[in-house]
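Student:
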Amino acid sequence: MNKTRRFILKRKNKCKVNSNSKLISKIAPLFNVESSLQLDLKSQDVNNCMKTLRIELNNHATSRGLLVPSWCNKDDSIYLNDRIVTNYNNSVNAIEIRPIIQINNGDILNMYSYRNKCEFTIGFSFPKGEKEPSKVAIGFVSNIENRELNIIGINKISRTENCPNNTSKYEYIPIISPCMISVVDCLYEIVINASNNLGLEVYSRRNRKGIWRLLIIRTTEIPNKRMMVIIQTSYLSISDYNAISKLLIEQLVFRGLKEPFLYCDYQISSLYLQQSDSIVDTFEGGNLKLIWGDEQITYCISNTTLNIGPRAFFQTNTQGCQILYSAIKDLVISTFLGNSNRNKLIKERYTNKLYILDICCGVGSIGLYLYKSLETLRAFYSSINLIGVDCVEESISVARMNAKINGAENTEYIVGKAEDVLPNKLSSIRNEDADFLAIVDPPRCGLHKNVTKALRISSNICSLIYVSCNTKSLLNNCIALCSAYDPQSEDSTIKPFIPKLVIPIDIFPYTNHVETVVYLERDKESIGLDSEIKGKMTTINPLLQN
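Taking the working numbering, the leading residue of the sequence shown gets -3, the next gets one more, and so forth.
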């Protein structure tokens, strides 16, 4: 354990413990840690990831008798502040790790309760030391007691109903928006009444009986303060389904008013009911149906308007998403107009095309933002084209609609696995004079190995931006993308990627997570086997004899 982490934990343990400390430690483990120390911890996480990457690539190559990529040669590397400086062909190159970007626009309440999506479990809470639940709770899973989930409830805790002008009365529940807390309170009353009066009880994971299971809430502020609410139940009879639908519309959306009720200035604009009998509590799968309002919720990121459906992925910090996308845009412009590329672009002005490949694109958010924001580059290319790929047909359908809303003309969205689509699509435009920029923003588990392989063997792709919310999966994927060329399994034209620039962004304050943007380029060096090892191995492997 490093010194910064030890200091943080020691300081955290000395902080005053309130009645909701267990809840806070669950959802915001760094809540009582000073902002500067949070940033230090996350910066160290990213720095360690890049150092480990260099070591792992070195070990990978030497253990297989391959040439160690020059930029990660263990003997030539030194560390200077936040730059890993490497002696590389008599020149100085580096993985530049920039200082972490903090999300702070002066709006304390938004900074404090930044999440635009939360998932709450409907279940039971257990008194301390007891083996049986005592009451219904809506909140977060603490642990499992006697095969039943023990829920830390956020309903009916110490706070007031009305939104304050400051955050003091909401200090008990960081990262969660006050409007979400109000919805939880209202649903809690509905669930209790339905259980007592209609026999529609809370779902028991141990007995696999009951109705109410999950609550998911999305919020947006621009253009209007709106909420999408999704409630999951077990499978219902037609009469129970109709009764619950009517109950939720009347008591959750309108609450006795003619217009939708305002939860801290936010109104519900979409209400979904999902039925699922899955053993695992998950929003994936199940029978999802809109029972009131709009199918989608709208987000505005700078000049890009995005419609997001109930299953779509979107960054959980809207303000952070704006800063993240802006940082990526600036990175693309500075890279493509840098000293090494600018003269080439001027010489070939209007003759080349630029293709943005938004891989695993979802509803197209990051690709469309870049497509609309790269005005500076349009002066150098005959056209900028956007190709989005995703295996989920629903996401591609919404991405096409978002492209139309944003007036993005040179766009194409393809349903399919990236490893299947990329080779065919890139082959069809191989003879064009074009530059290719690929972008990936995978879930926490990272890219599937088949996708990293497809990116590695697609020699057209010389620039890659990897957006990560998990440094562990980032490390694993970068090892696959950057590892030394292996003649036993790869074509001789394949060259690995090199990480050139890393930008950490604190999109998730009060938690241990950090968003990381990594810019990678193709290695331009000739690559092969270590000559001494190659001589010893030719009699063993006929592939190495030439």
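Cβ atoms here follow ideal geometry from the backbone N, Cα and C, with glycine treated the same way.
Please report the distance separating the alpha-carbon of residue 359 from that of residue 61.
Tutor: 43 Å
Student: Which word fits residue 219, buried or exposed, when buried means at least 16 other C-beta atoms lie within 10 angstroms of its C-beta?
Tutor: exposed
Student: Look at residue 186 and residue 243 and say whether their C-beta atoms are less than 8 Å apart.
Tutor: Taking 8 Å as the cut-off, the beta carbon of residue 186 is found closer than this to the beta carbon of residue 243.
Student: Do residue 414 and residue 388 have their beta-carbon atoms positioned less than 8 Å apart in this structure?
Tutor: no
Student: For residue 309 and residue 364, I'd like the C-alpha separation in whole angstroms.
Tutor: Rounded to the nearest whole angstrom, the CA to CA distance from residue 309 to residue 364 is 15 Å.
Student: Work out the CA separation of residue 334 and residue 276 for me, nearest whole Å.
Tutor: 50 Å
Student: Checking 8 Å against the spacing of the C-beta atoms, do residue 248 and residue 201 come in under that value?
Tutor: no
Student: Per the DSSP calculation, residue 459 is bridged to which residue(s)?
Tutor: 433, 517
Student: In the DSSP assignment, what are the bridge partners of residue 303?
Tutor: 294
Student: So, at 7 Å on beta carbons, what are the nonlocal neighbours of residue 293 in its own chain, with the 5 sequence-adjacent residues on each side left out?
Tutor: 214, 216, 222, 224, 265, 266, 304
Student: Here's the rule I'm using: 16 or more other beta-carbon atoms within 10 Å means buried, otherwise exposed. How should residue 133 be labelled?
Tutor: buried
Student: Return the CA-CA distance between residue 67 and residue 290, expressed in angstroms with no decimal places.
Tutor: 52 Å
Student: Are the CB atoms of residue 513 and residue 499 within a distance shorter than 8 Å?
Tutor: yes
Student: Find the nearest neighbour of residue 460 within the set 23, 210, 493, judged by alpha-carbon distance.
Tutor: 493
Student: Assuming residue 377 contacts residue 348 under a Cβ cut-off of 8 Å, what Cβ separation, rounded to an integer in Å, is found between them?
Tutor: 6 Å
Student: Under 8 Å, with one C-beta from each stretch per pair, do the stretch 442 to 450 and the stretch 463 to 482 reach the 3-pair mark?
Tutor: Cβ pair count under 8 Å is three or more, so yes.
Student: Using a Cβ-Cβ cut-off of 6 Å (strictly less than) and excluding sequence neighbours within five positions of residue 123, which residues of its own chain qualify?
Tutor: 130
Student: For a quick check, are the C-beta atoms of residue 96 and residue 38 less than 8 Å apart?
Tutor: yes
Student: Assuming the contact rule is C-beta atoms closer than 8 Å, residue 209 and residue 172 should be a hit. Round their C-beta distance to whole Å, please.
Tutor: Not confirmed; about 20 Å, so no contact.
Student: Find out if the Cβ-Cβ distance for the pair residue 20, residue 174 is shorter than 8 Å.
Tutor: No; because the gap between Cβ atoms is not below 8 Å, this pair is not in contact.
Student: State the DSSP-derived secondary structure class of residue 419, mapped to helix, strand or coil.
Tutor: helix
Student: Would residue 183 pass as an interface residue toward chain B - the criterion being a Cβ-Cβ separation below 8 Å?
Tutor: No chain B appears in this structure, which consists of one protein chain only.
Student: Would you report the Cα separation of residue 281 and residue 315, rounded to the nearest angstrom?
Tutor: Near 29 Å, if we compare the C-alpha coordinates of residue 315 and residue 281.
Student: With a 10 Å radius around its C-beta and 16 neighbouring C-beta atoms as the bar for buried, classify residue 326 as buried or exposed.
Tutor: exposed
Student: What did DSSP end up calling residue 133 once you bin it into helix, strand or coil?
Tutor: strand
Student: Which value, in whole angstroms, describes the spacing of the CA atoms of residue 391 and residue 491?
Tutor: 32 Å
Student: By Cβ distance below 7 Å, which residues in the same chain neighbour residue 398 in space, the five residues on each side in sequence not counted?
Tutor: 302, 303, 359, 360, 364
Student: What's the C-alpha gap between residue 41 and residue 467?
Tutor: 7 Å
Student: So, is residue 306 buried or exposed, given that buried needs 16 or more other C-beta atoms within 10 angstroms?
Tutor: When all chains shown are included, residue 306 counts as buried.
Student: What does the alpha-carbon distance come out to for the pair residue 421 and residue 454?
Tutor: The C-alpha of residue 454 is placed about 10 Å away from the C-alpha of residue 421.
Student: Would you list the one or two residues that DSSP bridges to residue 120?
Tutor: Paired residues: 132, 146.
Student: In the DSSP output, what is residue 380 paired with across the bridge?
Tutor: Within the DSSP bridge table, the entry for residue 380 names 350 as partners.
Student: Going by DSSP in three states, residue 328 sits in which element: helix, strand or coil?
Tutor: helix
Student: Could you please give the first and the last residue of the uninterrupted alpha helix (DSSP H) stretch that includes residue 251?
Tutor: Segment: none, residue 251 is in no alpha helix (DSSP H) and carries neither H nor E.
Student: Just the C-alpha distance for residue 566 and residue 436, rounded to the nearest angstrom, thanks.
Tutor: The first residue shown for the chain is -3 and the last is 542, placing residue 566 beyond what the model contains.
Student: Leaving aside the five residues before and after residue 120 along the sequence, list all residues of the same chain whose C-beta is less than 8 Å from its C-beta, in chain order.
Tutor: 129, 130, 131, 132, 133, 144, 145, 146, 147, 198, 200
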